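What follows is a set of notes on a single structure, which appears directly below.
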Amino acid sequence: MIRNLSILFILLVSFQTWAQTKKELIAFGDQAFENEQYASAAYFYSQIIESSSLKKEKTYPYQANFYSATKKETKGDSLNSQLAPNYQKNPYVVHRLADAYRLSHQYKKAEEYYKIAIQLEDEQFKDTKLWYASVLMQNDKHDQATEYLEQFLQENTDSALTILAKNKLVGCFLLSDPGFSNDKVELIKSDTTINQGIASFSVNYFGNEDNFIYASSGKDVIVTDPKKQNPAYTSDFYRFFINVDGSRGTPVNMGMPINSEKIEGSGVLSIDKTTFYFTRKSVELPTDEAIYVSKFFNNQWLQPLKLDEKVNMPGYRSCNPALSLDDSKLFFSSNRPGGYGGMDIWYCEIDEYG
């Protein structure tokens, strides 16, 4: 009897420890998600889904019941009509994990979990079919995307995302049409809300496909000495969003510490949106051009630091940073010795500290 009670106590303690760990992982994932650190959020959510299910399901229970272990399903297998118990027990986590993979541009993994999520209805996630269709489009599966976009529009006639879904559906139809050609694409110059001052340049995505950053001169650029500095000859970073109806939001100056009295331009954001590399150039000395990095912490950008001599070789220009798809390499332009003349493209490995 004492032995049985001891085993029961151990099982209860183990269960409580796991439950607490799961609760903490969800909290960590939610916090990272709200801070737009989607790669980190995906990591925390995946620990719940991928670390607890299959091994625990193969553990024999402490009772005299017949037990048959579940065969492990590979990623390439289609989902069974009945989802694994671990998915059924964690619908919120599955939906959040799919969203986190999508927002961190991990579209293959996002597709895998959206395929599960659409079978786990949840009132908090009514737009799952739309986002599933979006990642299917990213993965060049436009016929499947069309199916889910049509389902979403049938089920959500008054959704704020209806216009977005319709636009995506049109895109699928055009790409599915063998006679479609984009030869008649028309380029339209943006208005003065974007093209202010004498220069607007270096537009880039800023984390998401509806979030943009660019550099521009204008009246509201940062100057420390108005008598000596002319705003027309400097530039700051600005951000703007594309709304769900396709309209463009008003550009907003990013402010300090990213912007300064110097010339800022040509920036790139890491996949997890925590590290921003950009070019900063002196107004007085045009050859003083270097690459800086800033970290996003506690909902704010930290004071930018100039990268060391591996990137910014003294006496030479370094500019135009870009990142490899996995954020492991930093590419940049430089006129340093050893190239083919003038400005050449160089790269370096990024260590764990960024």
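Under this note's numbering, think of the first position of the sequence shown as 6, with each following residue one higher.
Backbone N, C-alpha and C fix where the C-beta goes; we use that ideal spot for every residue, glycine too.
Values in this document were obtained by computation on a predicted structure and should not be read as measured data.
What's the gap between the Cα of residue i and the Cα of residue j?
{"i": "F302", "j": "L274", "result": "14 Å"}
{"i": "R341", "j": "S323", "result": "8 Å"}
{"i": "I123", "j": "V175", "result": "22 Å"}
{"i": "S45", "j": "P231", "result": "43 Å"}
{"i": "G320", "j": "Y282", "result": "20 Å"}
{"i": "K114", "j": "E55", "result": "13 Å"}
{"i": "F242", "j": "P90", "result": "48 Å"}
{"i": "D349", "j": "S339", "result": "6 Å"}
{"i": "F178", "j": "R101", "result": "29 Å"}
{"i": "D163", "j": "A138", "result": "18 Å"}
{"i": "D332", "j": "T280", "result": "10 Å"}
{"i": "I53", "j": "Q149", "result": "29 Å"}
{"i": "V99", "j": "E155", "result": "23 Å"}
{"i": "K224", "j": "Y352", "result": "35 Å"}
{"i": "S287", "j": "S252", "result": "35 Å"}
{"i": "M142", "j": "K300", "result": "32 Å"}
{"i": "A327", "j": "L312", "result": "14 Å"}
{"i": "G344", "j": "I247", "result": "40 Å"}
{"i": "P96", "j": "E126", "result": "8 Å"}
{"i": "L166", "j": "F217", "result": "20 Å"}
{"i": "S222", "j": "Q201", "result": "6 Å"}
{"i": "Y153", "j": "K267", "result": "49 Å"}
{"i": "T50", "j": "I193", "result": "Checking the sequence shown, residue 50 turns out to be Tyr, not Thr. Distance between the alpha carbons of Y50 and I193: 42 Å."}
{"i": "A170", "j": "D196", "result": "27 Å"}
{"i": "V249", "j": "W136", "result": "13 Å"}
{"i": "G346", "j": "E294", "result": "18 Å"}
{"i": "D35", "j": "K28", "result": "11 Å"}
{"i": "S265", "j": "V228", "result": "7 Å"}
{"i": "Q308", "j": "E357", "result": "19 Å"}
{"i": "T284", "j": "Q159", "result": "47 Å"}
{"i": "I121", "j": "Q305", "result": "35 Å"}
{"i": "T26", "j": "D104", "result": "22 Å"}
{"i": "K146", "j": "F157", "result": "17 Å"}
{"i": "K94", "j": "T255", "result": "43 Å"}
{"i": "V140", "j": "T151", "result": "12 Å"}
{"i": "N144", "j": "N325", "result": "29 Å"}
{"i": "I168", "j": "L330", "result": "30 Å"}
{"i": "Y43", "j": "M259", "result": "21 Å"}
Between residue i and residue j, how many whole angstroms is the CB-CB distance? I'm expecting something under 8 Å.
{"i": "T239", "j": "V226", "result": "5 Å"}
{"i": "K278", "j": "E128", "result": "Not a contact, Cβ separation roughly 28 Å."}
{"i": "A37", "j": "Q111", "result": "Their Cβ separation, rounded to whole angstroms, is 14 Å, which puts A37 and Q111 out of contact at 8 Å."}
{"i": "G272", "j": "N209", "result": "7 Å"}
{"i": "Y106", "j": "Y92", "result": "Contact flag wrong, Cβ pair sits at about 15 Å."}
{"i": "K131", "j": "N161", "result": "7 Å"}
{"i": "F206", "j": "A220", "result": "6 Å"}
{"i": "S109", "j": "I276", "result": "6 Å"}
Residue i lies in the alpha helix (DSSP H); which residues open and close that run?
{"i": "N91", "result": "P90 to K94"}
Label residue i either buried or exposed according to how many other C-beta atoms from any shown protein chain fall within 10 Å of its C-beta, with 16 as the threshold for buried.
{"i": "Y297", "result": "buried"}
{"i": "E39", "result": "exposed"}
{"i": "N317", "result": "buried"}
{"i": "E354", "result": "exposed"}
{"i": "L30", "result": "buried"}
{"i": "K315", "result": "exposed"}
{"i": "F245", "result": "buried"}
{"i": "V190", "result": "exposed"}
{"i": "M261", "result": "exposed"}
{"i": "T198", "result": "exposed"}
{"i": "T292", "result": "exposed"}
{"i": "E214", "result": "exposed"}
{"i": "T133", "result": "buried"}
{"i": "F2", "result": "Residue 2 falls outside the range modelled here, since the chain spans only 6 to 359, and no answer is possible."}
{"i": "E289", "result": "exposed"}
{"i": "I203", "result": "exposed"}
{"i": "A32", "result": "exposed"}
{"i": "S436", "result": "The first residue shown for the chain is 6 and the last is 359, placing residue 436 beyond what the model contains."}
{"i": "E116", "result": "buried"}
{"i": "L310", "result": "exposed"}
{"i": "L335", "result": "buried"}
I'd like the span of the beta strand (DSSP E) that includes residue i, first residue to last.
{"i": "Y349", "result": "Note on residue identity: the sequence assigns Asp, not Tyr, to residue 349. Counting along the chain, the beta strand (DSSP E) containing D349 begins and ends at D349 to E354."}
Taking the runs of the beta strand (DSSP E) that are 3 residues or longer, which of them lie wholly in the segment 283–337? 294–302 and 323–328
Enumerate, from N- to C-terminal direction, the unbroken alpha helix (DSSP H) stretches of 4 or more residues contained entirely within the segment 100–175. 112–122, 133–143 and 147–160
3-residue-minimum beta strand (DSSP E) runs that sit fully inside the segment 209–274, ordered along the chain: 213–221, 241–246 and 268–274
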